[in-house]
Each structure stands twice: as C-alpha cells, then as structure tokens.
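Some notes on the structure that comes next.
2 protein chains.
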Amino acid sequence: MIKVLVLSQHAERYRELIEDVGLRGAELHYALDLEQALPVAAGCEVLFGAPDLLASALPHCPDLKWAQSSWAGITPLLEAERRDYLLTGVKGIFGAPMTEYVLGWLLALERQIPQRFAATSWDDSRDGHVAGKAIGIMGTGSIGAHLAQQCRQMGLSTRGLNSDGRPVDGFEQCWVTDQRLEFANGLDYLVALLPHTADTDGLVDAALLQQLAPGAIFINGGRGNAVDVDALLAALASGALRHAVLDVLPEEPLPDNDPLWSVTGLSITSHTAAPTPGRAIVEIFTENFRRYVEGQPLNYPIDFERGY
Amino acid sequence: MIKVLVLSQHAERYRELIEDVGLRGAELHYALDLEQALPVAAGCEVLFGAPDLLASALPHCPDLKWAQSSWAGITPLLEAERRDYLLTGVKGIFGAPMTEYVLGWLLALERQIPQRFAATSWDDSRDGHVAGKAIGIMGTGSIGAHLAQQCRQMGLSTRGLNSDGRPVDGFEQCWVTDQRLEFANGLDYLVALLPHTADTDGLVDAALLQQLAPGAIFINGGRGNAVDVDALLAALASGALRHAVLDVLPEEPLPDNDPLWSVTGLSITSHTAAPTPGRAIVEIFTENFRRYVEGQPLNYPIDFERGY
Numbered sequence: 069m070i071k072v073l074v075l076s077q078h079a080e081r082y083r084e085l086i087e088d089v090g091l092r093g094a095e096l097h098y099a100l101d102l103e104q105a106l107p108v109a110a111g112c113e114v115l116f117g118a119p120d121l122l123a124s125a126l127p128h129c130p131d132l133k134w135a136q137s138s139w140a141g142i143t144p145l146l147e148a149e150r151r152d153y154l155l156t157g158v159k160g161i162f163g164a165p166m167t168e169y170v171l172g173w174l175l176a177l178e179r180q181i182p183q184r185f186a187a188t189s190w191d192d193s194r195d196g197h198v199a200g201k202a203i204g205i206m207g208t209g210s211i212g213a214h215l216a217q218q219c220r221q222m223g224l225s226t227r228g229l230n231s232d233g234r235p236v237d238g239f240e241q242c243w244v245t246d247q248r249l250e251f252a253n254g255l256d257y258l259v260a261l262l263p264h265t266a267d268t269d270g271l272v273d274a275a276l277l278q279q280l281a282p283g284a285i286f287i288n289g290g291r292g293n294a295v296d297v298d299a300l301l302a303a304l305a306s307g308a309l310r311h312a313v314l315d316v317l318p319e320e321p322l323p324d325n326d327p328l329w330s331v332t333g334l335s336i337t338s339h340t341a342a343p344t345p346g347r348a349i350v351e352i353f354t355e356n357f358r359r360y361v362e363g364q365p366l367n368y369p370i371d372f373e374r375g376y
Numbered sequence: 069m070i071k072v073l074v075l076s077q078h079a080e081r082y083r084e085l086i087e088d089v090g091l092r093g094a095e096l097h098y099a100l101d102l103e104q105a106l107p108v109a110a111g112c113e114v115l116f117g118a119p120d121l122l123a124s125a126l127p128h129c130p131d132l133k134w135a136q137s138s139w140a141g142i143t144p145l146l147e148a149e150r151r152d153y154l155l156t157g158v159k160g161i162f163g164a165p166m167t168e169y170v171l172g173w174l175l176a177l178e179r180q181i182p183q184r185f186a187a188t189s190w191d192d193s194r195d196g197h198v199a200g201k202a203i204g205i206m207g208t209g210s211i212g213a214h215l216a217q218q219c220r221q222m223g224l225s226t227r228g229l230n231s232d233g234r235p236v237d238g239f240e241q242c243w244v245t246d247q248r249l250e251f252a253n254g255l256d257y258l259v260a261l262l263p264h265t266a267d268t269d270g271l272v273d274a275a276l277l278q279q280l281a282p283g284a285i286f287i288n289g290g291r292g293n294a295v296d297v298d299a300l301l302a303a304l305a306s307g308a309l310r311h312a313v314l315d316v317l318p319e320e321p322l323p324d325n326d327p328l329w330s331v332t333g334l335s336i337t338s339h340t341a342a343p344t345p346g347r348a349i350v351e352i353f354t355e356n357f358r359r360y361v362e363g364q365p366l367n368y369p370i371d372f373e374r375g376y
C-alpha cells in the first residue's frame, strides 16, 4: 500500500469525494492542518492538497515522491527549497469559470449593470457593447485560450501574449513578452491570466497601460504580482483606464482598512474568479494516482524552473 | 422620381447616412415630427421611419405604397386601420446586442457583480455560473436563435417556445405555445423575446412562473404585453424568482413615481437592451429601396395578420 496524505482545510470534503470513487492501492490519511498531519507524515509517499500546507509539510515527509496540488497557484511549493519530488498541478478546469468571470465583468461594465441593477428612474442612455472590441490576453495557456475562443464567438478581436510569441488557437495574433507594448497598443480590454513567476512580476506597468485605447478596461484574473498597483491607480485617476477589476492581490485577503477598497473605478472580487471545483480536482488526483501506481507519466507536471 | 418621406426624431442622422450612400431615383424629404411632415406628405409613395410617427402620418399619405419601419416594434402600425400598403420591418441586427444584454445580466447576477462592483471588504463567498444551466427562450426568431447559439457555446442547455413548435437551430428542443408549461418546467433562466401580438399577451403568467426551477431568473427583452406584472411581483416576493430584469413595460417610459422602481429583485433597463443602430437600419432601407425600384420582393415584409 502507498501511504497518501490529504492535507487541506477541505480534507473532509475530499475524503467523501475520494471514497465515492475509491483509490485502489492507497493507505489514506486526512489532515486539516499541519498539526494533524505531523503524526502521519513519516512514510508518506504521496501528498495531495493545498500548496501552502504542503509546503509546510515538506520537511516532515522524508519519503515524499509525488505531490498533487489542489490549487492552480503553487507559489509556496515553488519557493520551498526542496525539489526532490514530482509536483503536479491542476489544469483544464478553470477555462469556463474564468471566461464567465471576464465576459461577465466586461458585459456588466459596458451595459452599466451595476448602475441599472437598482435604477430608480428611466434612463435610456445608450449602453456599450463588446462586439468589435479588441481584447488582449496575457497568458495563452488553457484558460486564456478558452477565453479567447469565446471572445471570438462574441465578435471581439483577440490578441495573446506569451513567453515565445507562439500562435495559439483562438488568438488572431500572439506576441512575445518583450513586445508587450506592441501587443497592448490600442486594446479596448486587457486581461492578465499569468502565473506567478519571476518573469511576470510587474508586467502590467505604466508603460503598458499607456498603450491601451482611451477608456480601456483592465481585469486581473491571474496572480497579483503581475500588476504595478501604483501605475494602475494613476491610470484610473487620469481616466486613461475606465475601470479595473482585480481578482488577485499581492496580499490576500486584502485587509478591510486597505485604501484600495475605496478607489473609484476599481472593483476587487476577492479571488473568486475561478473557484476550484472539488470534484474535478479529485478526478485529476485519482487519475494521476492510477497513473502513478501503474508507472505511467502523470498529467500536468510542474517544471520547478519555469514555474508552471 | 419616387417621393420618399423620412419621418423620425433621428431624421437628420438618417439624412447623413442616406447621403453617404446615395438613393438613386428618390426625391427625399425629411421630417422630425408630424407637423414637419404634413406639408410634404401628399404624393409620398414611400415612408421610412419610426412606427408611431408613421402611423400618425398614414391618413395624410394617400399615395403611400410602402412603409419601412426603423424599429423592431411596429405595434402602432399594426393597430392602425389602414393596411393597403406594404410594410417592412428590420431584422438580423438585434441578435448580437440582445445576446450581450441577456448574457451580461445572467453572468452579472450569478457573479454578484452589482454587489462586488463597489465591495468594501473581502468576500470570497462562492459565486454562481451559467454553464450547465437550462435556459428557455420564448421566441425563436433571428434574435432568439442568436442568443440560443451563444448560450450553447457557453455550456447551457437551450429550449425554445414558438407558435408551432418547429425545430430551430441553436435550440435543443422547441415547444409550441400551448405546451408552454412543459417548456418552462425546471428552467433556471426564462427569457422572453416575443413580439407584441394578441397571441403573446400575458404568456408569462403565474402558471408559467410556477414551473421554473426555484430561484430562477426571468428577463424580458421583447415587449411589455407578454408579462403579467402582478404574477411576476408575487413570484419575486415569494422567492420563487431570484431576480427579474425588465427591459420593456406596458407603459414607456415608466414614470419616476411608479412603485415598480422600488421592487426588491427587479431591475428595469429602460428599453436599452437592443438599441437600433442607425447605419444598419439605413442599409436595410436603401437595399429595400433598390429592390422596390427594380420591382423585386422586399426584405422583412410584415404580415399584418400575424403581426410580425
């Protein structure tokens, strides 16, 4: 039997989902936090759970061979010193919810939905529309490509930015990161869906924001490190940006007394853009466990150097 | 030369657009209202403009042979006694904006965008999603079909309701009006896109609303006559409906002191869902004028009996 530790604040939910499908060949242990994990950590060959908890457990799992993250954001594990194990992530389950999030916000802003939601008098001022607009998506992985394809269905033109400028389905054109100013030139909408790596730090800076069309909208559904917040606030204050929506921030949760909460034109959505669906995560883990037992290559391996 | 009267509060805008493309064989007159129209009405063979103004001009245009409406809603002309002329409407230009309107509202409500827009503290409560939900669309013409196709792209299941239950592309199944309760059974979202005819009066009534899934959302982007407002308010008050969005009402504009403005769970969008784009309307008119001159059948003829 392979000793497996499930370490997550959602461990009980994962227990139900794993027991539903069974996990042949596993001796399963569940822990809600590091304290519960310590007594069973020794001898664990497989970890499954939240990256921050897994990172804290790494020093106590000398026999670890494979860790399956239950989140897309794996920064705590990338920052840990230890790399003598196989790390796998989760992919392919965030495209649809992120697409609903981004399109929902773009349509809501164009249609004045926050204002019309509780309108108290007739207002037939003309609303905006997304068809015919140019959207630029930073990050052309499975999430960005899903969003781009849906945007094209709705009549937007789509540009992508990625590490090597490779073409990706759904994007009319892709630019390499070094050409990000050309990529951003004249965009009506800018969406960041970047992973947290050293290469993505501060990519959304004053120079980039100045390239956008007047009154553009910016949405960050990736990670907080990508945005120079001071530059963003300046662009909002000058009116260069009409609105910004931040799902992610360098510090989460953002404290109640943070001045960002009261910035006009800025909406903060508390890291809800693409929630992790438990069942889909467990399916990724159980399929990977089957592959692990059978000695096959696992799905969604993470390259510690690249960071994704 | 064929004497043409353009009668609309937007007559000056139409003048610019028509002069851009030219209108060979026409003697053009422009009027912003009936008073301006009267001196030139006699001898006019063709009318182009707003249905309410055209209806008021009908008695003054003895030589009228063809009227081109500049709006989708043609009720004033259907209600006028006179029917000895050809009436043509506008189609194919409302599908995209209506789709943006309906999807924008559904996504905004599922994503709590009105609440998150100006949030002042961290709230990572789980939002809803549209993928996997069942939407029922009353009216399967070009607008409804456009919406249905986009909904399927976003993972919704789609049902349609029309006068004869005929299958329509984009809809997984269509029901005939008489089977509207079966059509509505268990729907998460109900959208009315019906024209104003005697057959559509009060189709959205208590019996229909009771068929929906608990916490359903209703959107009326068609005409106000389709909705039994008392039944709608009861469904909102009981919580059977989570939210309703009305773009259209029996009386427009709705007066500021109308109690509908203060109903919890009801948003009123002031007939902005699918604004008429001037250039597209003028293209329909100029193409139809060319056909008229050449004796070809016109696009989008209205059947006075059916009402669309």
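For the record, the sequence lines run as chains S and C. Just remember that our numbering sits 68 ahead of the position in the first sequence, which is counted from 1. Just remember that our numbering sits 68 ahead of the position in the second sequence, which is counted from 1. Idealized CB from N, CA, C, for every residue including glycine.
- Look at GLN247 (chain S): its C-beta is not under 8 Å from any C-beta on chain C.
- In the DSSP assignment, GLU95 (chain C) is bridged to C:LYS71.
- Secondary structure of TYR360 (chain S) (DSSP, three-state): helix.
- When secondary structure is reduced to three states using DSSP, ASN253 (chain C) falls in the coil class, being assigned neither helix nor strand.
- Taking a C-beta distance under 8 Å as the contact criterion, VAL170 (chain S) and VAL259 (chain S) qualify as a contact pair.
- DSSP places MET206 (chain S) within a strand segment (E or B) once states are collapsed to three.
- Taking the Cα of THR188 (chain S) as reference, the smallest distance to any Cα among C:VAL331, C:TYR360, C:CYS242 and C:VAL361 is reached at C:VAL331.
- Only exposed fits GLN241 (chain S), as fewer than 16 other CB atoms lie within 10 angstroms of its CB.
- The Cβ-Cβ distance between ASP192 (chain S) and THR340 (chain C) falls below 8 Å.
- Of all alpha-carbon atoms in S:MET222, S:CYS219, S:TYR82 and S:ASN367, the one lying nearest the alpha-carbon of LEU100 (chain S) is that of S:TYR82.
- Under a 10 Å Cβ-count criterion, SER138 (chain C) is classified as buried, with 16 or more other Cβ atoms of the shown protein chains found around its own Cβ.
- Taking the beta carbon of HIS339 (chain C) as reference, the chain S residues within 7 Å of it are ASP192, listed in sequence order.
- Look at the segment 187–211 of chain C: the residues with a C-beta under 8 Å from a C-beta of chain S are ALA187, THR188, SER189, TRP190, ASP191, ASP192, SER193, ARG194, ASP195, HIS197, VAL198 and ALA199.
- The beta carbon of LEU322 (chain S) falls within 8 Å of a beta carbon belonging to chain C, placing the residue at that interface.
- Distance from ILE370 (chain C) to ILE142 (chain C) at the Cβ level is roughly 6 Å; contact confirmed, criterion being Cβ atoms closer than 8 Å.
- Contact between MET166 (chain C) and ALA342 (chain C) holds, since their C-beta atoms are separated by about 4 Å, short of 8 Å.
- Between ILE181 (chain C) and chain S, the shortest Cβ-Cβ separation is below 8 Å.
- The C-beta of MET166 (chain C) comes no closer than 8 Å to any C-beta of chain S.
- Rounded to the nearest whole angstrom, the CA to CA distance from PRO182 (chain S) to PHE185 (chain C) is 7 Å.
- A direct Cα-to-Cα measurement between ALA305 (chain C) and ASP324 (chain C) gives close to 22 Å.
- Listed along chain C, no residue sits closer than 9 Å to ARG347 (chain S) by beta-carbon distance, the nearest being about 13 Å off.
- Taking all protein chains in view, the Cβ of MET222 (chain S) is crowded by 16 or more other Cβ atoms within 10 Å, so the residue is classified as buried.
- Taken through DSSP and simplified to helix, strand or coil, GLN183 (chain S) comes out as helix.
- For the C-beta of LEU309 (chain C), not a single chain S residue is nearer than 7 Å; the gap to the nearest is close to 15 Å.
- Classified as buried, ARG227 (chain S) has 16 or more neighbouring CB atoms from the shown chains inside 10 Å of its CB.
- Beta-bridge partners of ILE285 (chain C) (DSSP): C:TYR257 and C:HIS311.
- In the structure shown, the three-state DSSP call for GLN136 (chain S) is strand.
- Under DSSP, no beta-bridge partner is assigned to ILE352 (chain S).
- Residues of the segment 221–234 of chain C whose Cβ lies closer than 9 Å to any Cβ of chain S, in chain order: GLN221, MET222 and GLY223.
- GLN247 (chain C) sits exposed, since fewer than 16 C-beta atoms from the chains shown fall within 10 Å of its C-beta.
- Using beta-carbon distances, PRO263 (chain C) does not count as an interface residue toward chain S, since no partner is under 8 Å.
- Distance from the Cα of ALA252 (chain C) is smallest, within the candidate group C:ALA266, C:ASN367, C:ALA274 and C:VAL236, for C:ALA274.
- Using a CB distance below 7 Å, no part of the segment 75–102 of chain S faces chain C.
- By DSSP's assignment, SER225 (chain S) forms a beta bridge with S:ALA202.
- Beta-bridge annotation (DSSP): PRO369 (chain C) is paired with C:THR156.
- In the displayed model, ASN230 (chain S) falls within a strand according to three-state DSSP.
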